[in-house]
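A short worksheet on the structure shown next.
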Amino acid sequence: MYHVKQEIIDWLLEDNNPPVKFLTMSKIIKKTDDVELDKVRSKINSYKPINEILQNQIENSYWFDSHKKHNYKKYLGSYWQLKFLGDMFANKNKQIENAIEHIFNTGQTTSGGFSYDGTNSSTIMCLTANMLKILIYFDYFNDDRTQNALEFILKNFADTNGKIRCQPAGLIPSCYMTLPKILHALSTIPNKDQTTRVEKGIKLCVERLLENMIYKYIPDKNREFLKANYKVGSQQRIENRNKILEKEPNMKKLPKKGWMKFGFPLSYASDALDSMKALVSANVKLDSNMQDALELIKSKATNGKWVNENKFKSPMYTKIDEYMQESKWITLHALEVLMYYEGLKIVD
């Protein structure tokens with residue numbers, strides 16, 4: 224049982240962050256008064272970061288530039304604003320609806336996936352997973368275009384037994400950072416709509432995360448391999464990697480240092496806390512391979528609060544959390560994970 228002080232809960236319930244207040248009321252202390260919850264929910268879009276993103280929208284439709292090649296502009300393009308708005312539990316309005324139409328019209332390819340420049344060849348799995356999660360959050364699940372995005376993920380992930388086209392340069396077989404994104408998206412699908420293919424996709428994500436103890440997925444010879452293959456062409460590098468992995472299938476795995484630093488919001492990257500939160504979303508039962516990640520989460524708390532260790536290097540329209548300062552968002556997420564896997568007791 225994880226103990227959290229009442230003063231931490233009171234801090235999360237402060238009025239200056241309506242979405243965190245709403246989520247704390249509904250998920251942590253389990254408020255059931257719909258009138259009270261609706262009152263707080265109605266104020267979510269007044270939260271400064273949400274308001275500033277919406278104020279920077281152009282023609283009530285897009286951000287930065289309307290051309291399809293600018294949707295992925297870090298971190299000013301339309302893709303990122305929709306992701307940030309969804310991650311902060313913004314209430315859907317006409318501006319958000321128009322922005323969703325914009326990315327459908329300019330960002331989704333004929334394959335169903337979303338592309339960083341609007342072309343099929345530039346379709347990205349992690350981007351598509353991010354957008355699928357946001358589309359479902361904003362109640363677009365039954366839209367045919369959302370179904371096309373889902374089909375892209377199922378065809379290119381679940382149906383390929385978890386293979387992700389994006390190939391890292393080192394000894395990691397495919398993009399591991401995408402797994403929490405896919406798991407978040409697929410577990411957001413209503414239970415009644417989770418087909419056997421969706422269930423397979425979830426199962427693949429969960430298995431791979433657990434077999435790597437969530438954040439320990441870097442082969443111990445990865446740096447050596449990168450150094451030796453620095454000037455080798457991509458195809459030859461893949462062949463060299465496959466030979467090593469075939470020869471040493473049980474290579475020791477090291478922690479991904481970046482995953483040991485927690486941040487909010489996240490873009491294409493992931494971390495151990497976000498991955499554990501994805502496992503919670505998928506209702507995955509406690510497993511011994513989660514233990515190190517849970518201990519890592521608990522070790523990050525200082526006086527019952529967690530800090531934001533993630534720093535965006537590209538410009539944004541708003542500052543959601545200060546770098547290396549206490550974060551209500553990360554504290555909330557940590558408590559959600561700990562409550563699910565260890566139980567939570569509020570103490571004086």
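According to our numbering, the residues represented by the sequence shown are 224 to 571, in order.
All C-beta atoms, glycine included, are put in the ideal place defined by N, C-alpha and C.
Note that this is a predicted model, so its numbers are computed, not measured.
Listed in chain order, the non-local C-beta contacts of residue 442 below 6 Å within the same chain comprise 394 and 474, local neighbours out to five positions each way being set aside. For residue 356, the enclosing alpha helix (DSSP H) has its first and last residue at 348-360. Note: residue 567 is bridge-paired with 225 in the DSSP secondary-structure output. In chain order, 510 and 512 place their CB closer than 6 Å to the CB of residue 433, counting only its own chain and leaving out the 5 sequence neighbours on each side. For residue 261, the enclosing alpha helix (DSSP H) starts and ends at 257-264. Taking all protein chains in view, the Cβ of residue 446 is surrounded by fewer than 16 other Cβ atoms within 10 Å, so the residue is classified as exposed. Per the coordinates, the alpha-carbon of residue 429 lies some 13 Å from the alpha-carbon of residue 495.
Nearest neighbour of residue 352 by Cα position, chosen from 344, 477 and 306, turns out to be 306.
Here residue 243 is near residue 555, since their CB atoms are less than 7 Å apart.
The C-alpha of residue 237 is placed about 43 Å away from the C-alpha of residue 379. The bridge partners DSSP lists for residue 281 are 285.
When DSSP assignments are scanned along the stretch 442-468, the uninterrupted stretches of alpha helix (DSSP H) that are 4 or more residues long and fall wholly within it turn out to be 445-451. Its chain contains 385 as the residues whose beta carbon lies nearer than 6 Å to that of residue 427, once the 5 sequence neighbours on both sides are disregarded; these appear in chain order.
With a cut-off of 8 Å on Cβ pairs, the stretch 444-461 is not in contact with the stretch 525-535, counting fewer than three such pairs. Per DSSP, the unbroken alpha helix (DSSP H) holding residue 522 starts and ends at 514-522. Across the structure, residue 500 and residue 544 are spaced so that their CA atoms are roughly 19 Å apart.
Collapsing the DSSP output to three states places residue 477 in a strand.
Residue 360 places its beta carbon less than 7 Å from that of residue 309. DSSP places residue 410 inside the alpha helix (DSSP H), whose first and last residues are 401-411.
When the Cα atoms are used, residue 334 and residue 366 turn out to be separated by approximately 16 Å. Judged by DSSP in its simplified three-state form, residue 525 adopts strand. Collapsing the DSSP output to three states places residue 245 in a helix. Counted as a single uninterrupted DSSP element, the alpha helix (DSSP H) harbouring residue 325 occupies residues 317-330. Per DSSP, residue 367 is one residue of the alpha helix (DSSP H) stretching across 367-379. Listed in chain order, the non-local C-beta contacts of residue 517 below 8 Å within the same chain comprise 499, 560, 561, 564 and 565, local neighbours out to five positions each way being set aside. In this structure, DSSP gives residue 338 an extended state, which the three-state scheme calls strand.
The way I'd put it, the stretch 406-423 doesn't touch the stretch 458-470; fewer than three beta-carbon pairs between them come closer than 8 Å. Distance from the CA of residue 369 to the CA of residue 363, rounded to the nearest whole angstrom, comes to 7 Å. Residue 354 sits close to residue 337, with the two beta carbons spaced by under 7 Å.
The beta carbon of residue 515 sits closer than 6 Å to those of 436, all from its chain and outside the five residues before and after it, given in chain order. Annotated three-state conformation of residue 507 is coil, per DSSP. Here DSSP, grouped into helix, strand and coil, assigns residue 549 to strand. Between the C-alpha atoms of residue 312 and residue 261 there is a straight-line separation of about 13 Å.
Under the DSSP assignment, residue 306 falls in the alpha helix (DSSP H) whose first and last residues are 301-310. Residue 298 and residue 537 do touch by the CB rule: their CB atoms are close to 5 Å apart, below 8 Å.
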